[in-house]
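Participant: Before we start, here is the structure in question, set down as C-alpha cells.
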Amino acid sequence: MSQGNSTIIVPENPTGDAIKVPVLKVFDGDGFLTRIKASELTGSPSDQSELHVAVRFAFIDAPELEQAGGREAQDFLSALIADRWVELEIRMKMDTGRIVDRHERIVGVPYLTEEYTDAEFKTSSNHSHSAAMFGGPLSVTRNIELEMVVNGWAWVLERYGPGERYMEALGDAQRHKRGIWAAQETNMPPWEFKQQKHRQKRLTEKTGTKCPVNGCAGNLLKRNGRFGAFFGCSTFPACKYTCQVAV
Ligand SMILES: [Zn+2]
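Under the numbering used here, think of the first position of the sequence shown as 8, with each following residue one higher.
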C-alpha cells in the first residue's frame with residue numbers, strides 16, 4: 008500500500024529536551040514499549056531503578072489495528088524505529104498534570120537520529136561529484152510523527168495543538184493519496200472508530216438466552232432502541248427476532 012520503498016523523510020530537531028530511549032516493541036502505528044530510568048520520570052537522581060512503560064505519540068493518531076490500514080501503519084512504524092533508540096521529547100499532560108496520561112503512558116514525540124556515512128551519502132546521489140561533507144558523518148534527526156503523517160499512516164490530533172507542519176504534512180499525504188488516503192471513502196478517524204466501538208458495547212448486553220427461532224444459533228442480546236430496551240437476536244440482520252422480555 009505504501010509507495011514502494013520511497014519513504015519520505017522529515018528532518019526536524021526536537022524543540023525541547025529529549026531523552027534517549029530504546030524501542031522494545033511497536034504496539035501499533037502510534038505507540039511503543041520502552042525502558043526508562045525512574046529518575047527520568049521522578050527527577051530524583053538517586054532512584055536507579057528502571058521501568059517498562061508505554062509511550063503514546065503526542066500529536067498523531069494511527070488507525071486502530073482492527074481498522075483498515077492499522078496493520079500497515081504498525082509495519083511502517085516498525086520499519087522506522089523497531090529495535091532502535093529514539094530521542095523522546097516528553098509532553099506534559101494537561102489533564103493529569105504529570106508526564107503520564109490517565110492510562111499511565113508517557114506522551115511524547117519521538118525523533119530518530121541517523122548517521123549517514125560519507126560513502127552512503129555518495130551512493131544516494133546521482134552526481135559523480137556529490138556534495139559530500141568534508142570528513143565526519145552526516146547526522147540527520149527526523150521527526151517520526153511527521154513521517155507517519157506525511158507518508159499517509161496517521162491522522163493529526165488537532166485538539167492538542169500540533170504545529171503548522173503537522174497540518175501541512177497531512178494535507179500533502181491526502182493530496183498524494185498515500186497510505187490510508189488511497190481509499191479515502193472508507194476512512195474513519197480512529198477516535199470515531201473507538202467511540203463507535205464503545206457505544207456498541209454499551210448498547211448491547213449478553214443475556215445467555217438462546218434465540219427461540221427454529222434453526223437459529225443466535226443468542227438474545229439486550230439492546231437499547233429508540234423506544235426503550237428490547238431483546239434481539241445476536242445474528243441480526245440474518246435473524247430479525249425481537250421480544251420485550253427474554254425468557
Ligand atoms: Zn435468531
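In this text, a Cβ means the ideal position worked out from N, Cα and C, and glycines have one as well.
Since the model is a prediction, treat every value here as computed from it, not as a measurement.
(1) DSSP three-state label for residue 77, please.
(2) What span of residues does the beta strand (DSSP E) with residue 58 cover, start to end?
(3) From this set, 28, 188 and 113, which residue's C-alpha is nearest residue 76's C-alpha?
(4) Comparing the CB of residue 225 with every heavy atom of ligand 1, is any distance shorter than 7 Å?
(5) Would you mind working out which of 169, 216, 39 and 236 sits nearest residue 86, comparing C-alpha positions?
(6) Taking 7 Å as the cut-off, is the beta-carbon of residue 220 closer than that to any non-hydrogen atom of ligand 1?
(7) Leaving aside the five residues before and after residue 221 along the sequence, list all residues of the same chain whose C-beta is less than 7 Å from its C-beta, in chain order.
(8) Is the closest heavy atom of ligand 1 to the C-beta of residue 242 under 7 Å?
(9) For residue 243, name the three-state secondary structure that DSSP assigns.
(10) What did DSSP end up calling residue 18 once you bin it into helix, strand or coil?
(11) Taking 7 Å as the cut-off, does the CB of residue 246 come closer than this to any heavy atom belonging to ligand 1?
(12) Among 215, 235 and 252, which residue has its Cα nearest to the Cα of residue 241?
(13) Grouping DSSP H, G and I as helix and E and B as strand, with all else coil, what is residue 164?
(14) CB-CB under 8 Å to residue 252, same chain, minus the five flanking residues each way: which ones, in chain order?
(15) The beta strand (DSSP E) with residue 26 in it runs from where to where?
(16) Alpha carbon to alpha carbon, how far is residue 107 from residue 133? Give it in angstroms, no decimals.
(17) Quick test of the definition: if touching needs 3 or more C-beta pairs under 8 Å, does the segment 60 to 80 touch the segment 195 to 205?
(18) Give the range of the alpha helix (DSSP H) segment to which residue 149 is assigned.
(19) Nearest to residue 97 by CA position, among 201, 243, 25 and 183, is which residue?
(20) Can you find at least 3 beta carbon pairs, one from the segment 47 to 57 and one from the segment 115 to 126, that sit closer than 8 Å?
(21) Could you tell me the distance, in whole angstroms, from the CA atom of residue 19 to the CA atom of residue 119?
(22) For residue 23, which option in 150, 78, 31 and 175 has the closest C-alpha, if you only look at C-alpha atoms?
Facilitator: Taking the structure as given:
(1) The sequence position of residue 77 within the sequence shown is 70, counting from 1. Reduced to three states, the DSSP call for residue 77 is helix.
(2) Within the sequence shown, residue 58 is the residue found at index 51, counting from 1. Segment 57 to 64, the beta strand (DSSP E) holding residue 58.
(3) Residue 76 sits at position 69 when you count from the first residue of the sequence shown. For residue 76, the nearest C-alpha among the options comes from 188.
(4) For this step, residue 225 is matched to residue 218 along the sequence shown. The answer is yes for residue 225.
(5) By one-based count along the sequence shown, residue 86 stands at place 79. Comparing Cα positions, the closest option is 39.
(6) The residue labelled residue 220 in the question sits at position 213 within the sequence shown. It does: the Cβ of residue 220 is within 7 Å (strictly closer) of some heavy atom of ligand 1.
(7) The residue you call residue 221 lines up with position 214 of the sequence shown. Around residue 221: no qualifying Cβ.
(8) Walking along the sequence shown from the start, residue 242 turns up at place 235. Yes; taking the cut-off as 7 Å, the Cβ of residue 242 has a heavy atom of ligand 1 nearer than that.
(9) Numbered from its first residue, the sequence shown carries residue 243 at position 236. Correct three-state label for residue 243: coil.
(10) Within the sequence shown, residue 18 is the residue found at index 11, counting from 1. Strand.
(11) Taking the sequence shown and counting its residues from 1, the one referred to as residue 246 is at position 239. At least one heavy atom of ligand 1 is nearer than 7 Å to the Cβ of residue 246, so yes.
(12) In the sequence shown, counting from the first residue as 1, residue 241 sits at position 234. The candidate whose alpha carbon is nearest that of residue 241 is 215.
(13) Reading the sequence shown from its first residue, position 157 is the one you call residue 164. Coil, per DSSP.
(14) The residue you call residue 252 lines up with position 245 of the sequence shown. These residues qualify, in order along the chain: 238.
(15) As a working mapping, residue 26 is identified with position 19 in the sequence shown. Residue 26 -> beta strand (DSSP E) spans 26 to 29.
(16) For the purposes of this step, residue 133 is taken as residue 126 along the sequence shown, with counting starting at 1. For the purposes of this step, residue 107 is taken as residue 100 along the sequence shown, with counting starting at 1. Low local confidence applies: a pLDDT of 45 at residue 133 is under 50, so the model's placement there is unreliable, with the coordinate-based value given in what follows. C-alpha separation (whole angstroms): 46 Å.
(17) yes
(18) On the sequence shown, residue 149 is found 142 positions in, with the first residue counted as 1. Unbroken run through residue 149 is the beta strand (DSSP E), 145 to 150; no alpha helix (DSSP H).
(19) Taking the first residue of the sequence shown as 1, we reach residue 97 at position 90. Cα-wise, what sits closest to residue 97 is 25.
(20) no
(21) Taking the first residue of the sequence shown as position 1, residue 19 is located at position 12. Taking the first residue of the sequence shown as position 1, residue 119 is located at position 112. One C-alpha to the other measures close to 10 Å.
(22) On the sequence shown, residue 23 is found 16 positions in, with the first residue counted as 1. Selected option, being the one with the closest Cα: 150.
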